[in-house]
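By the UniProt record's numbering, the letter at position 116 of the sequence shown is numbered 116, and the numbering carries on one by one without gaps. Using N, Cα and C, we set each Cβ at its ideal position, and we do this for glycine too.
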Amino acid sequence: ELLSGYDENLNTIRTYQVCNVFEPSQNNWLLTTFIDRRGAQRIYVEIRFTVRDCSSIPNVPGSCKETFNLYYYETDSVIATKGTAFWMEAPYLKVDTIAADESFSQVDFGGRLMKVNTEVRSFGPLSKNGFYLAFQDYGACMSLLSVRVFFKKCPSVVQNFAIFPETMTGAESTSLVIARGICIPNSEEVDVPIKLYCNGDGEWMVPIGSCTCKAGFEPDNGNVCRACPPGTFKSTQGPSLCLQCPPNSRSTAEAATICVCRNGYYRGDGDQPDEPCTSVPSSPRNVISIVNETSVILEWHSPRETGGRDDVVYNIVCKKCRADRRSCSHCDDNVDFVTRQLGLTETRVFISNLLAHTLYSFEIQAVNGVSNKSPYPAQHVTIDITTNQAAPSIVPIMHQISSTMNSFTLSWPQPEQPNGIILDYELRYYEKVSSSHTATQTNTARVEGLRPGTVYVVQVRARTVAGFGKYSSKMCFQTLTDGKDRGLPLIAGSAAAGVVFIVSLIAISIVCKLSLRADMSNCPSPLGCPTHFSGSPGMKIYIDPFTYEDPNEAVREFAKEIDVSTVKIEEVIGAGEFGEVYKGRLKLPGKREIYVAIKTLKAGYVEKQRRDFLSEASIMGQFDHPNIIRLEGVVTKSRPVMIVTEFMENGALDSFLRQNDGQFTVIQLVGMLRGISAGMKYLSEMNYVHRDLAARNILVNSNLVCKVSDFGLSRYLQEDTSDPSYTSSLGGKIPVRWTAPEAIAYRKFTSASDVWSYGIVMWEVMSYGERPYWDMSNQDVINAIEQDYRLPPPMDCPSALHQLMLDCWQKDRNVRPRFADIVSTLDKMIRNPTSLKAVANIPAVDLLRIGVTLAGHQKKILSNVQSMRVQMSQSPKTMA
Numbered sequence: 001e002l003l004s005g006y007d008e009n010l011n012t013i014r015t016y017q018v019c020n021v022f023e024p025s026q027n028n029w030l031l032t033t034f035i036d037r038r039g040a041q042r043i044y045v046e047i048r049f050t051v052r053d054c055s056s057i058p059n060v061p062g063s064c065k066e067t068f069n070l071y072y073y074e075t076d077s078v079i080a081t082k083g084t085a086f087w088m089e090a091p092y093l094k095v096d097t098i099a100a101d102e103s104f105s106q107v108d109f110g111g112r113l114m115k116v117n118t119e120v121r122s123f124g125p126l127s128k129n130g131f132y133l134a135f136q137d138y139g140a141c142m143s144l145l146s147v148r149v150f151f152k153k154c155p156s157v158v159q160n161f162a163i164f165p166e167t168m169t170g171a172e173s174t175s176l177v178i179a180r181g182i183c184i185p186n187s188e189e190v191d192v193p194i195k196l197y198c199n200g201d202g203e204w205m206v207p208i209g210s211c212t213c214k215a216g217f218e219p220d221n222g223n224v225c226r227a228c229p230p231g232t233f234k235s236t237q238g239p240s241l242c243l244q245c246p247p248n249s250r251s252t253a254e255a256a257t258i259c260v261c262r263n264g265y266y267r268g269d270g271d272q273p274d275e276p277c278t279s280v281p282s283s284p285r286n287v288i289s290i291v292n293e294t295s296v297i298l299e300w301h302s303p304r305e306t307g308g309r310d311d312v313v314y315n316i317v318c319k320k321c322r323a324d325r326r327s328c329s330h331c332d333d334n335v336d337f338v339t340r341q342l343g344l345t346e347t348r349v350f351i352s353n354l355l356a357h358t359l360y361s362f363e364i365q366a367v368n369g370v371s372n373k374s375p376y377p378a379q380h381v382t383i384d385i386t387t388n389q390a391a392p393s394i395v396p397i398m399h400q401i402s403s404t405m406n407s408f409t410l411s412w413p414q415p416e417q418p419n420g421i422i423l424d425y426e427l428r429y430y431e432k433v434s435s436s437h438t439a440t441q442t443n444t445a446r447v448e449g450l451r452p453g454t455v456y457v458v459q460v461r462a463r464t465v466a467g468f469g470k471y472s473s474k475m476c477f478q479t480l481t482d483g484k485d486r487g488l489p490l491i492a493g494s495a496a497a498g499v500v501f502i503v504s505l506i507a508i509s510i511v512c513k514l515s516l517r518a519d520m521s522n523c524p525s526p527l528g529c530p531t532h533f534s535g536s537p538g539m540k541i542y543i544d545p546f547t548y549e550d551p552n553e554a555v556r557e558f559a560k561e562i563d564v565s566t567v568k569i570e571e572v573i574g575a576g577e578f579g580e581v582y583k584g585r586l587k588l589p590g591k592r593e594i595y596v597a598i599k600t601l602k603a604g605y606v607e608k609q610r611r612d613f614l615s616e617a618s619i620m621g622q623f624d625h626p627n628i629i630r631l632e633g634v635v636t637k638s639r640p641v642m643i644v645t646e647f648m649e650n651g652a653l654d655s656f657l658r659q660n661d662g663q664f665t666v667i668q669l670v671g672m673l674r675g676i677s678a679g680m681k682y683l684s685e686m687n688y689v690h691r692d693l694a695a696r697n698i699l700v701n702s703n704l705v706c707k708v709s710d711f712g713l714s715r716y717l718q719e720d721t722s723d724p725s726y727t728s729s730l731g732g733k734i735p736v737r738w739t740a741p742e743a744i745a746y747r748k749f750t751s752a753s754d755v756w757s758y759g760i761v762m763w764e765v766m767s768y769g770e771r772p773y774w775d776m777s778n779q780d781v782i783n784a785i786e787q788d789y790r791l792p793p794p795m796d797c798p799s800a801l802h803q804l805m806l807d808c809w810q811k812d813r814n815v816r817p818r819f820a821d822i823v824s825t826l827d828k829m830i831r832n833p834t835s836l837k838a839v840a841n842i843p844a845v846d847l848l849r850i851g852v853t854l855a856g857h858q859k860k861i862l863s864n865v866q867s868m869r870v871q872m873s874q875s876p877k878t879m880a
């Protein structure tokens, strides 16, 4: 029943009491009204109550209790409670049995000294709109003083510059509820997501992520982002404070992220916002010039004002003017500047290759990191100089017109830069010891009084009123032994004489090399002289770079040095023996930009690796033919060391053919073979032996032009080659499948052995990149060749082409065709396509081999090697 009473502080209160302990089977209920859940998942109930000690009640029956039960019932709507059915039949869920920590006796009650108990219980999770609480007494003498129903939540909070909303706790007391944060005004996320966890006690914990103030705003009082006041700035997001504007800059509005430079001051592209604004330098001072014929040295003092920067450099603008100074034009591209024309860090420059007796105007500009920001031209100083007379440049080459037993006649072109009127030429020539001079006013001279059959070293130089130029490179010429006066171009006219001529070239080259090495006193360099034999105009003999005492001299002689700034690397396209190979672009002064291939020397090399790497450039640099890969130059004065060649779009011939199997006509394939043979003819005439002619070493451009490449002879000196195409032999590695038998057995590499290799290349081309001798081991190949086995014609191969292959594979190297013969034979086929219609027949044993290979059972053929050898021994010619 509901009664009035007093609490422990003697305040008047209303209580629910029950004390029917003397009546049996007590079952008393107290039910609350409907309580709205308000979104809470867990509810807490605080109960204040008193309980009388059963022992203090006289004659109390055994049914007296000192506890009661707490229940709840969850529902979405209000339920009428006036009937009795709900009281007894509702499916209540029990929360707990509540026991008193302290009880009171009759004496205590009379003295108003009741002991009040406070208990808190919770229940959940709840999902419906609300609930009822029910209290059940089944035999206690008690009073219910108050019932407080509540739930817990984490309050709205600003933490780490993020706002977190008010958040209910979870369904369990141990639950953690995630709350997402939103950055406060003028701040931005640093780490995402931004969140806090609300625990079961309504407390925030475990912060994750944060926000910080934007650029132009600084933190204030921990959780506010305040705009930077005028005169200050903040360039980046973060916890830092606003800074005062650096010198020569200002900000006039709030929230500045950068201070604007004042008039006449600028920031460079790489300057930071907290660095001062700077200005352009003043002009260079005290320029002096030293003129030496057609060269000039300019020196100057640094500007008085650097603009507050330490990155001042100098540009040289060169202009060529008329004598009356009425008009000037930019200097020619061939004018050289040392160390450079633009971006000079020194206050000195050497300028050469100027025209003689010409007025030049040199503008020396001082620029720094903000000169490109200024609307005004760079500060500069100008000096005019007039060049003097210069000696002529070097005569580029000499040609032998004719020779007799006691004389020869030579001619040469005028120097590229005569620098005036050529008065005459001086010719010097000598054998090993003695030397002579002669003069001529024309660029042709007949040298007489010579000894028959003798090699002479000849040089020529031109003279103007300014004096003599430098002597030309040393070249070798030989008098005849038979006394017949004839021009060397006529010697090469017949096939028989051509053989004699080539042998002569080899002999002359050897004698000339020895002569040059014996007479070092007349060489421009003590390290050795380049040697050329001029039999007919333009003809040269290959010089092995390893014969130079200093191989670096060969690089300087035959390979052009390229400024690394003109090379732009774009992508990796492969890996070579010494490092990566790249595709890139080359833009030389005065020339259009071209695509190039760039071989690099990997870091950590030793000097021998550098020498071997650059030897390929020393070799390539001596060649000039449309079917030989062209060397553009080398980069040796910076890292990495590079060899730059023309770029061949379609890559290596063997892989290109495999990718385009069956896509070309026979005439197209023959055209490819003709290009390769033309390149090899050129090499053989220069007395160069390739030693590794194979389709993998032929490159193809976008027009299907084939060019011979891979002149890295150092591979034959390496014993660690992992390429299966090569096998060890005395003196290095040999590509067995492509190498002539005499080269394998005795290391006899000649142009004739290159012809054998060319026959294998023909077979590769006609079979669209098939591996020569298929899956046979290198030793089996050697044995088969020794027993006169030769590769059969590829499928659909014209018989004329296979016959040419067989000619190249003659065991006697002296009867193999020369490359000149091969070029001529292929030219006839191209002019007469009907000769290519007859298809060669494939011997039965090779049909079997091809069938097995195509079926993917290559290993089976190995078991037939012995039987194949028997067949070869029985009928070697048929097999061939």
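Per DSSP, the continuous beta strand (DSSP E) segment holding E363 begins and ends at L359 to V367.
Take the alpha-carbon of T339 and the one of R610: they are about 25 Å apart. Here V641 has L601 as same chain residues with Cβ atoms under 6 Å from its own Cβ, once five neighbours each way along the sequence are excluded. Membership of H380 in the beta strand (DSSP E) is indicated by the continuous run H380 to T386.
Of P165, V51, S175 and Y132, the smallest CA-CA separation from E119 is found for V51. Residue state for C277 is assigned as coil, using DSSP reduced to three classes. 8 Å or more divides the Cβ of E172 from the Cβ of K153. Taking C-beta separations shorter than 6 Å and ignoring five residues to either side along the sequence, the partners of S403 in its chain run T479 and L480, following chain order. Here G307 is near T278, since their CB atoms are less than 8 Å apart.
According to the DSSP assignment, G671 belongs to the alpha helix (DSSP H) that extends over V666 to E685. Assignment of alpha helix (DSSP H) within the segment 529 to 608, counting only whole runs of 4 or more residues, yields 551 to 558 in chain order. The three-state reading of DSSP puts M205 in strand, counting E and B together. The beta carbon of T212 sits closer than 8 Å to those of F161, S187, E188, V190, P219, Q237, G238 and P239, all from its chain and outside the five residues before and after it, given in chain order. Taking a C-beta distance under 8 Å as the contact criterion, V296 and L354 qualify as a contact pair.
Taking 8 Å as the upper bound for CB-CB distance, F68 and M142 are in contact here, some 6 Å apart. DSSP places D661 in no alpha helix (DSSP H); its state is neither H nor E. Counting along the chain, E189 sits inside the beta strand (DSSP E) bounded by residues S187 to C198.
Going by DSSP, I760 is part of the alpha helix (DSSP H) stretching over S751 to M766.
Here E561 is exposed: its Cβ has fewer than 16 other Cβ atoms, across all protein chains shown, within 10 Å.
A40 sits in coil when the DSSP states are folded into three classes, being neither helix nor strand.
Short of 8 Å from the beta carbon of L243, and not among the five residues preceding or following it, lie these beta carbons of its own chain, in chain order: T232, F233, K234 and D274.
Within the same chain, F558, A559 and L631 come within 6 Å of G621 by CB-CB distance, once the 5 residues on both sides are set aside. In the DSSP assignment, the residues bridged to M142 are V18 and V51. Scanning its chain for C-beta atoms nearer than 7 Å, with the 5 sequence neighbours on each side dropped, one finds around R226 the residues F217, E218 and D220, in chain order.
Scanning its chain for C-beta atoms nearer than 8 Å, with the 5 sequence neighbours on each side dropped, one finds around Y92 the residues Y71, Y72, Y73 and A134, in chain order. When C-alpha distances from T444 are compared across Y430, E426, V708 and G453, the shortest belongs to E426.
When C-beta atoms of the segment 382 to 397 are compared with those of the segment 408 to 424, three or more pairs fall below 8 Å, so the two segments count as touching. Here the alpha carbons of M475 and K748 stand approximately 29 Å from one another. For A356, there is no enclosing beta strand (DSSP E), as DSSP marks it with neither H nor E. Cβ-Cβ separation between M829 and V670: approximately 6 Å, consistent with a contact (criterion under 8 Å). Annotated as proximal: E293 and A466, with beta-carbon spacing under 8 Å.
Inside the segment 221 to 287, DSSP marks whole beta strand (DSSP E) runs of 3 or more residues at positions 224 to 227, from first to last along the chain. Taking C-beta atoms as the reference points, G759 and M805 count as a pair closer than 8 Å.
Taking all protein chains in view, the Cβ of I288 is surrounded by fewer than 16 other Cβ atoms within 10 Å, so the residue is classified as exposed. A check of alpha carbon separations from K811 across A820, L836, S753 and T252 identifies S753 as the nearest. For V634, the three-state secondary structure derived from DSSP is strand.
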